[in-house]
Each structure stands twice: as C-alpha cells, then as structure tokens.
C-alpha cells in the first residue's frame, strides 16, 4: 500500500463523505438528487456509503448538480484515483471475511490504534505459531480449510509488518487481560515464545502494552474492541464476533468506547509493571 496515496478504503469513505456533505450543502435529499440525475435513490446512497464506486462520469454529474468546480472538483477526482488503487489486503479477499478486509483498509491509515483484548493476544502482537494455533482453534467452527489457515496466518504477519514496522507507524496501545497470557494455544513452547515476543514488541517506541491483572477492578463489561483514530477522518471502533463484525461510527457511541478504554487502561498495570508480569508468565510456560 503506497504510503503517498494512503489507504484506498479510507479514500472511498472520504469520497462518499465529501459527496454527502456537498449534497447537504445544496439542501438536497438523496432522493431529490437521484431524481435530478435520473438515477435510483439507492445509487446515491450506496456511493455516499462507499458501497459502490462512482465512475468519472458519475463524479462529473454530481459535481455539476452540486455546483462544484476548481480545486474542490480536483480533490474529488484525486480521492477517486486513490480509491481505485489496490490495498495489500485485497490479495487475501478470498479467505478473509469482508468486514475484516474493510477493517484492514481502515487500519492502514490510522494514526492511533487502541485495542482492548480480554481473551487472546491481539493479532498485531502474535507470533506465527501462536497465530496458527488461534486460527486452528476455531477451524472446526468456522470451517476454514488448510489453505485458508495458511492464508490467514500470512495475512496476519503481513498486517503486523505494515502496522508495527511501516515507515510512519501509528501509535499502538494495547490493554490485555491477564487471562490472555494464561490461556494456552499450542504447546507450552508456543506460549513461551509468545510471551517473549510481547516483551520484545513492547520496547518499540510507538507501542504501549498494559496488562489488566486479575485482581484489578474492572467495571466495564465489554468484549474485545479496536478504536482507530485518523488524521482526516472520524474515529471508528471495530467489534469482531465469531461469524461477523461491526463498525461503530456514531460519534456518541465511539466516545463511549473511548471512555471505556481509558477506564480499563487506568486500572491496568503501567508498561514496566506489565513487562514484569509478562516475564513471569514466560517463566511459567518454561515448566
């Protein structure tokens, strides 16, 4: 994913957002704009929701209706060009859920990532062997083939490289429940190497890892979530379930998740204390 272009997923969303704002500025409903253009109302809605890619002619028609020209029109065409690029994650579309590929596209341009994980080590911090065991654990339920397991592991490792080691990495803060360090996937050696990897990654300047100890107060009863912040786009929260995933984009609800994360992190150990605890778990997995 060329850094100078940014994420095509984010560009598609921004393009839809810009077109919606331009329509609203003209005090047009989606249905009225569609009638004026001779389109269906669903076409306008899908373009604005980034579910359908507009053509160059579509942009020209919308710009004429919204009385847009000059620099603003050039901006719209620039967003369209970038939106048409391929993201690295599209190589794995056949084996990854659609919602997850959308998440990877958003993550590619996030400036801040805040991740609460009460059950397992997050994908961005997993070793190859641990990732494989986590995927294999759900294979019978999710009906993943051998090649699908291999492809998902490859995608996870590619994701790590692009999130943690890209030239302009985002700021990553992870809060792990202590139980995630104790739940075994694979042989004890897999767990020990995973603990050692956590210690190594925690030393990266843009990564902060906190552990919420079992005895800590934990008043926020919520499952795992990832809160993404962007330089020129509204925050998004990603919620993953067994068979699907949801995106929280409503500002009020996103703010709620942000407050929840801040509370959980306030109850967690600081970075140095967390490293000590992770080191202790690594020693336990040596037995």
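In this note's numbering, the protein residues as written are 69 to 355.
Glycine included, every Cβ here is placed at the ideal spot set by N, Cα and C.
Given the structure is predicted, the values throughout are model-derived calculations rather than measurements.
DSSP three-state assignment for residue i, whether helix, strand or coil
{"i": "residue 283", "result": "coil"}
{"i": "residue 276", "result": "strand"}
{"i": "residue 241", "result": "strand"}
{"i": "residue 298", "result": "coil"}
{"i": "residue 288", "result": "coil"}
{"i": "residue 185", "result": "strand"}
{"i": "residue 266", "result": "helix"}
{"i": "residue 70", "result": "The predicted model places residue 70 with a pLDDT of 34, which falls under 50 and marks its position as unreliable; any figure quoted below should be read in that light. Residue 70 falls in the coil class under three-state DSSP."}
{"i": "residue 236", "result": "coil"}
{"i": "residue 308", "result": "strand"}
{"i": "residue 253", "result": "coil"}
{"i": "residue 136", "result": "coil"}
Pair within 9 Å by beta-carbon distance, residue i and residue j
{"i": "residue 152", "j": "residue 76", "result": "yes"}
{"i": "residue 147", "j": "residue 92", "result": "no"}
{"i": "residue 242", "j": "residue 156", "result": "no"}
{"i": "residue 262", "j": "residue 194", "result": "yes"}
{"i": "residue 118", "j": "residue 154", "result": "no"}
{"i": "residue 306", "j": "residue 299", "result": "no"}
{"i": "residue 270", "j": "residue 317", "result": "no"}
{"i": "residue 137", "j": "residue 129", "result": "no"}
Alpha-carbon spacing of residue i relative to residue j, whole angstroms
{"i": "residue 214", "j": "residue 200", "result": "11 Å"}
{"i": "residue 169", "j": "residue 355", "result": "39 Å"}
{"i": "residue 324", "j": "residue 103", "result": "38 Å"}
{"i": "residue 301", "j": "residue 121", "result": "19 Å"}
{"i": "residue 161", "j": "residue 173", "result": "12 Å"}
{"i": "residue 331", "j": "residue 190", "result": "19 Å"}
{"i": "residue 315", "j": "residue 78", "result": "14 Å"}
{"i": "residue 219", "j": "residue 95", "result": "47 Å"}
{"i": "residue 111", "j": "residue 145", "result": "19 Å"}
Local Cβ density within 10 Å of residue i, reported as buried at 16 or more and exposed below that
{"i": "residue 233", "result": "exposed"}
{"i": "residue 238", "result": "buried"}
{"i": "residue 139", "result": "exposed"}
{"i": "residue 70", "result": "Since pLDDT at residue 70 reaches only 34, below the 50 mark, its modelled position is unreliable, and no value is offered."}
{"i": "residue 347", "result": "exposed"}
{"i": "residue 230", "result": "buried"}
{"i": "residue 327", "result": "exposed"}
{"i": "residue 309", "result": "exposed"}
{"i": "residue 149", "result": "exposed"}
Alpha helix (DSSP H) segment containing residue i, residue limits
{"i": "residue 322", "result": "319–335"}
{"i": "residue 131", "result": "124–133"}
{"i": "residue 162", "result": "Run containing residue 162: none; DSSP gives neither H nor E here."}
{"i": "residue 212", "result": "That residue, residue 212, is in no alpha helix (DSSP H); it is neither H nor E in DSSP."}
{"i": "residue 104", "result": "98–105"}
Residue i, enclosing beta strand (DSSP E) - first and last residue
{"i": "residue 116", "result": "Counting along the chain, residue 116 falls outside any beta strand (DSSP E), though it belongs to the alpha helix (DSSP H) covering 109–116."}
{"i": "residue 314", "result": "313–316"}
Closer than 8 Å: residue i CB and nearest the ligand ZN heavy atom
{"i": "residue 348", "result": "Inclusion of the ligand ZN in the displayed structure is not the case, the ligand content being empty and no account of it being possible."}
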